[in-house]
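Have a look at the structure below before the remarks.
Residue numbers (the numbering used here): 16 to 385.
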């Protein structure tokens with residue numbers, strides 16, 4: 016098993032059109048699994064074999080499976096969510112008033128991003144804790160039962176939208192299949208792609224928002240640049256996505272033949288992990304990559320991927336980050352990390368994701384809307 020850690024090589028793998036690097040079918044494509052050299056009951060193997068969404072598709076099959084999502088997950092649908100994002104942020108910020116200290120991950124980043132997701136998918140707000148629990152258990156990679164729980168929830172959601180469709184993304188995807196029950200391969204593909212939406216639509220953005228708040232509180236000079244309007248929030252968010260992406264590693268692509276990548280000889284059937292966080296710190300791609308500089312001009316980073324697998328949810332994530340961060344620091348301009356928490360809390364227990372388990376902060380005086 017190898018990891019692709021440099022920007023240029025990661026781009027090469029992600030945009031490959033030579034079928035040297037492919038996704039999916041781990042049992043055939045990963046030599047160590049097909050030859051019995053890894054435990055088929057390990058958390059990594061279960062992940063590779065249970066998640067059959069767009070992330071595990073390649074070439075024409077990926078294009079075919081992505082088309083329905085691309086057709087319905089449109090800029091218009093994202094723009095329609097902006098009032099929900101703004102109203103959710105305002106209500107959550109109201110709830111912070113009067114508190115000396117709060118956990119901004121639990122009280123703000125989590126309910127904001129999961130609340131947007133429930134609106135996008137047409138899920139009842141009361142089911143938000145279920146989505147959060149599924150995401151947490153998946154990325155911790157310690158509970159194989161999460162997959163059956165997730166697909167049971169998604170199966171119920173599909174049937175609910177088939178009989179009582181609404182104006183939401185899941186309903187649109189279900190309606191595509193026509194009247195009557197959705198069965199067989201069609202049901203499996205829809206379930207896998209909804210699984211991807213549930214996971215990628217919440218955990219990654221929640222982590223990026225938490226990381227962004229922590230980064231700006233740890234770099235008050237950079238926060239001041241944004242608050243004064245010297246650099247637009249949109250530009251600062253791109254630097255947050257580059258330097259403090261919530262996605263550290265994602266599995267996986269496999270080599271179909273002996274090849275060379277970045278001067279390294281790689282045999283056929285090797286599993287490659289996609290090391291997004293490492294690529295964001297590649298000095299060959301970024302000048303002083305460890306430095307957090309909101310005026311850097313960071314568009315072109317790989318936080319949303321690259322090539323055919325570029326994240327469909329990127330516009331929505333950017334919207335949530337802009338509204339979430341701007342609203343928070345406008346409402347609480349004296350926001351600061353709680354004493355003893357300046358260095359940040361321990362990270363979540365996941366080798367795929369990186370964000371703190373909690374983010375204790377002092378809101379300070381609220382600047383209420385006039």
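The beta carbon of each residue, even a glycine, is placed where N, CA and C say it ideally should be.
Query: Residue range of the unbroken beta strand (DSSP E) whose run includes residue 266; Result: 264-270
Query: Residue 279 in three-state terms, based on DSSP; Result: strand
Query: When 119, 171, 128, 137 are compared against residue 150, the one with the closest alpha-carbon; Result: 128
Query: Residue 346 in three-state terms, based on DSSP; Result: helix
Query: Proximity to residue 76 [Cα-Cα], best of 298, 375, 246, 204; Result: 204
Query: Beta-bridge pairing of residue 6 - partner residues as DSSP gives them; Result: Because the chain here runs from 16 to 385, residue 6 falls outside it and cannot be looked at.
Query: Own chain residues within Cβ distance below 6 Å of residue 459, not counting five before or after; Result: For the chain, the structure presents residues 16 to 385; residue 459 sits outside this window and is missing.
Query: At least three beta-carbon pairs within less than 8 Å, the region 68-83 to the region 296-313; Result: no
Query: Spatial neighbours of residue 60 in its chain, beta-carbon cut-off 8 Å, leaving aside the 5 residues before and after; Result: 41, 48, 53, 54
Query: Residue 156 (DSSP reduced to helix, strand or coil); Result: coil
Query: Cα-Cα separation between residue 29 and residue 44, rounded to whole angstroms; Result: 17 Å
Query: Those residues which DSSP pairs with residue 59 across a bridge; Result: Residue 59 pairs with nothing; no bridge assigned.
Query: Straight-line gap, residue 293 to residue 21 (C-alpha atoms, nearest Å); Result: 7 Å
Query: Rounded C-alpha distance that separates residue 242 from residue 255; Result: 15 Å
Query: Residue from 51, 50, 56, 64 with nearest C-alpha to residue 268; Result: 64
Query: Span of the alpha helix (DSSP H) around residue 310; Result: First-last for residue 310: undefined, no H or E at that position.
Query: Own chain partners of residue 161 with C-beta closer than 8 Å, once the 5 adjacent residues on each side are dropped; Result: 149, 152, 153
Query: Residue 222 to residue 346 span [Cα, whole Å]; Result: 21 Å
Query: Minimum length 3: unbroken beta strand (DSSP E) runs contained in the region 145-224; Result: none
Query: Residues sharing a beta bridge with residue 317, DSSP; Result: In the DSSP output, where bridge partners are listed per residue, residue 317 has none listed.
Query: Candidates 147, 90, 219, 136: closest to residue 126 by CA position; Result: 147
Query: Sequence-distant residues of its chain with Cβ nearer than 7 Å to residue 380 (five each side left out); Result: 349
Query: Residue closest to residue 335, alpha-carbon to alpha-carbon, out of 209, 225, 351, 141; Result: 225
Query: Status (buried if at least 16 other CB within 10 Å, exposed otherwise) for residue 16; Result: exposed
Query: Beta strand (DSSP E) segment containing residue 293, residue limits; Result: That residue, residue 293, is in no beta strand (DSSP E); its alpha helix (DSSP H) goes 291-294.
Query: Minimum C-alpha distance to residue 297 - residue among 279, 316, 281; Result: 316
Query: The region 360-379 in contact with the region 107-127 per 3-pair CB rule at 8 Å; Result: yes
Query: Where residue 89 falls: helix, strand or coil (DSSP); Result: coil
Query: Bridge partner(s) assigned by DSSP for residue 325; Result: In DSSP, residue 325 forms no bridge with anything.
Query: Helix, strand or coil at residue 362 [DSSP, three-state]; Result: strand
Query: Reference residue 194; option with closest CA among 180, 207, 318; Result: 180
Query: Segment contact flag, the region 77-89 with the region 320-331, C-beta cutoff 8 Å, min 3 pairs; Result: yes
Query: Close-in-space but distant-in-sequence residues of the same chain around residue 290 (CB under 8 Å, 5 per side omitted); Result: 18, 19, 20, 25, 263, 264
Query: Beta-bridge pairing of residue 18 - partner residues as DSSP gives them; Result: 288
Query: Min CB distance residue 200 to chain B below 8 Å; Result: Given the protein chain composition of this structure (a single chain), no chain B is represented.
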